[in-house]
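Asks:
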Amino acid sequence: MHSAVFLIEFGAIILALGLLGRFAGRFQFSPIPLYLLAGLAFGQGGLLPLGASEEFVAIGAEIGVILLLLMLGLEYTASDLVSNLKTQYPAGLVDMTLNAVPGFVAALLMGWGPVAAVVLAGVTWISSSGVIAKVLGDLGRLGNRETPVILSILVLEDLAMAVYLPIITALLAGVGLAAGSLTLAIALGAAGIVLFLAVRYGRLISRFVSSDDPEKLLLVVLGLTILVAGLAQQLQVSAAVGAFLVGIALSGEVAEGAHSLLAPLRDLFAAVFFVFFGLHTDPASIPPVLLPALALAVLTALTKIATGYWAARRAGVSVRGRWRAGGALVARGEFSIVIAGLAVAAGIEPMLGPLATAYVLILVIIGPLTARYTQPVAQYAGGLIARRRGLPDTAAAHVPGPRETVESLDGQDAGDRS
């Protein structure tokens, strides 16, 4: 009987997620907010609380985090990461300062304490790579000049996760300064060793894992990832960091093959992860934090726009491209929930989960809108200001800089496309 109830519950969850995903795809927006809402509906205090399948959903959620970070690592080669770190680190520092500080300060103002403040700083800092990549593709901007700037910031954020997650893990575990420093040293050492081996011996590692049989390739990559993630967690480094490092170590045809094989599994278990996070959030706890979440969302949307604008200006992108770069970075999603999920599991602050849920729901909906409309709104506002000052509209839309590309006469950026 228990087995039958489990199958019915879990089957209903998967079916509901599939229908929600189709609904989101039809209207061309991210399904993440719908998955979170589904978790709220199935969780404690929701419409249909789960019972028998909750433990299995918890395991599936953990696998979802591991696959998210593995797939992220597969997107980059070690040389790409090293190159981005050398050339774009100022943009990464500006991104961290403008977007992590508001979350940190907000947590302290609400009286949550330093550990919760560090967690909320990560929630407000990291943009959603998945949502942003999809939006850029939908808008046809993958060839635009500002797109490499956007991707560089996302790469630096992802690389920073390899340092940030061990710090969070140590803080949440309540270990002392010595043990926390040792954990961070292990994480940094492991990341450095993996990057070195991937740059120097990446082909040999990929050749060892490679297989012409998709079934064998899937089993080897998935088994290796879960094994390394488990070892990393045993060392209190973070399972997600271990999975990310495995993804970086694989390259070439192996990475491409593993990516295509694992993408459906990633999507399935990632959806389960968002549901699991929602399960542990009481819907009644969201209204009290809705105003703080909205204020924080508006503030950090503006700071992300400022980050993208500054980074694109530094790269010599034209004014229109700068606004597009800023608007594209606004969305938060999977990694904000991953970070908040660690804190919820540790039980450090009961209101952190509801706040993070409301915050992500707001920005994952607003993000695609800012990506589409930030540049035309900024141009329209500039035109209004110019007309009030008695200047032509072009003066507001384009102020030449020493490193800026020249705009063509038809109003389109000459350097927008590569």
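To convert a position in the sequence shown, counted from 1, into the numbering used here, add 441. Cβ atoms here follow ideal geometry from the backbone N, Cα and C, with glycine treated the same way.
In chain order, what residues of the same chain lie with their CB nearer than 6 Å to the CB of PHE545, ignoring the 5 residues before and after it?
Replies: In the sequence shown, counting from the first residue as 1, residue 545 sits at position 104. Cβ neighbours of PHE545 beyond the five flanking positions: ALA558 and ALA562.
Asks: Going along the chain, which residues of its own chain have a beta-carbon closer than 7 Å to the beta-carbon of ALA837, five neighbours each way excluded?
Replies: For the purposes of this step, residue 837 is identified with residue 396 of the sequence shown, where counting begins at 1. In this predicted model, ALA837 has a pLDDT of only 47, less than 50, meaning its place in the structure is not dependable; the value taken from the coordinates is given anyway. Counting only Cβ-Cβ distances below 7 Å, and skipping sequence neighbours, we find GLY823, GLY824, ILE826 and ALA827.
Asks: Does the count of Cβ pairs from the region 766–773 and the region 736–746 closer than 8 Å reach three?
Replies: With the cut-off at 8 Å, the region 766–773 and the region 736–746 touch.
Asks: Just to check my reading of the structure: LEU509 and ALA711 have Cβ atoms closer than 8 Å, yes? What is that Cβ distance to the nearest angstrom?
Replies: Mapped onto the sequence shown, residue 509 falls at position 68. Mapped onto the sequence shown, residue 711 falls at position 270. Confirmed, Cβ separation roughly 6 Å.
Asks: If you follow the alpha helix (DSSP H) that GLY671 is in, where does it begin and where does it stop?
Replies: What you label residue 671 is simply residue 230 of the sequence shown in a count that begins at 1. 655–675 is the span of the alpha helix (DSSP H), which, as asked, contains GLY671.
Asks: Considering only the alpha carbon of each residue, which of ALA819, TYR821 and GLY749 lies closest to ILE591?
Replies: Locating residue 591 in the sequence shown gives position 150, where the first residue counts as 1. The shortest Cα separation from ILE591 among ALA819, TYR821 and GLY749 belongs to GLY749.
Asks: Under a Cβ-count criterion, where at least 16 other Cβ atoms within 10 Å of its own Cβ denotes burial, should ASP536 be classed as buried or exposed?
Replies: Your numbering for residue 536 matches position 95 in the sequence shown. The residue is buried, with at least 16 neighbouring Cβ atoms inside 10 Å.
Asks: Grouping DSSP H, G and I as helix and E and B as strand, with all else coil, what is ALA756?
Replies: Sequence index remark: in the sequence shown, residue 756 carries index 315 (1-based). Note: ALA756 maps to coil in three-state DSSP.
Asks: Check whether the Cβ atoms of ALA465 and GLY719 lie closer than 8 Å to each other.
Replies: As a first step, residue 465 must be located in the sequence shown, where it is residue number 24. As a first step, residue 719 must be located in the sequence shown, where it is residue number 278. No, Cβ-Cβ distance for ALA465 and GLY719 is not below 8 Å.
Asks: Do ALA753 and GLU587 have their CB atoms nearer than 8 Å?
Replies: For the purposes of this step, residue 753 is identified with residue 312 of the sequence shown, where counting begins at 1. For the purposes of this step, residue 587 is identified with residue 146 of the sequence shown, where counting begins at 1. In contact: ALA753 and GLU587 (Cβ atoms closer than 8 Å).
Asks: If we ignore side chains and look at the alpha-carbon of each, how far apart do GLN675 and VAL805 end up?
Replies: As a first step, residue 675 must be located in the sequence shown, where it is residue number 234. As a first step, residue 805 must be located in the sequence shown, where it is residue number 364. If I take the Cα positions, the gap works out to 33 Å.
Asks: Could you tell me whether the region 788–803 touches the region 717–735, using the rule of 3 or more Cβ pairs below 8 Å?
Replies: Contact holds: three or more Cβ-Cβ distances are below 8 Å.
Asks: Taking 8 Å as the cut-off, decide whether the C-beta atoms of ALA696 and VAL682 are in contact.
Replies: Within the sequence shown, numbered from 1, the residue matching residue 696 stands at position 255. Within the sequence shown, numbered from 1, the residue matching residue 682 stands at position 241. Going by C-beta atoms, ALA696 is not nearer than 8 Å to VAL682.
Asks: Would you tell me roughly how many angstroms separate the C-alpha atoms of ILE500 and THR528, rounded to the nearest one?
Replies: For the purposes of this step, residue 500 is taken as the residue at position 59 of the sequence shown. For the purposes of this step, residue 528 is taken as the residue at position 87 of the sequence shown. Their Cα atoms are separated by approximately 39 Å.
Asks: Please report how far the alpha carbon of ARG813 lies from the alpha carbon of ARG582, in whole angstroms.
Replies: Residue numbering aside, residue 813 sits at position 372 when the sequence shown is read from its first letter. Residue numbering aside, residue 582 sits at position 141 when the sequence shown is read from its first letter. If you take the alpha carbons of ARG813 and ARG582, they lie about 10 Å apart.
Asks: Taking LEU477 as the reference, give the member of THR722, THR610 and PRO809 with the closest Cα.
Replies: Translated into positions along the sequence shown, residue 477 becomes position 36. Closest by alpha carbon: THR722.
Asks: What does a CB cutoff of less than 6 Å around GLY505 pick up in its chain, not counting 5 residues either side in sequence?
Replies: Numbered from 1 along the sequence shown, position 64 holds the residue referred to as residue 505. Excluding positions up to five away in sequence, the list reads PHE710, ALA711, VAL713 and PHE714.
Asks: Roughly how far, in whole angstroms, is the beta-carbon of PRO860 from the beta-carbon of LEU737, given that I think they are within contact range, below 8 Å?
Replies: Past the edges of the chain, shown from 442 to 859, lies residue 860, and the structure says nothing about it.
Asks: Which of the three DSSP states is assigned to ARG773 in this structure?
Replies: For this step, residue 773 is matched to residue 332 along the sequence shown. Residue state, collapsed to three classes: coil.
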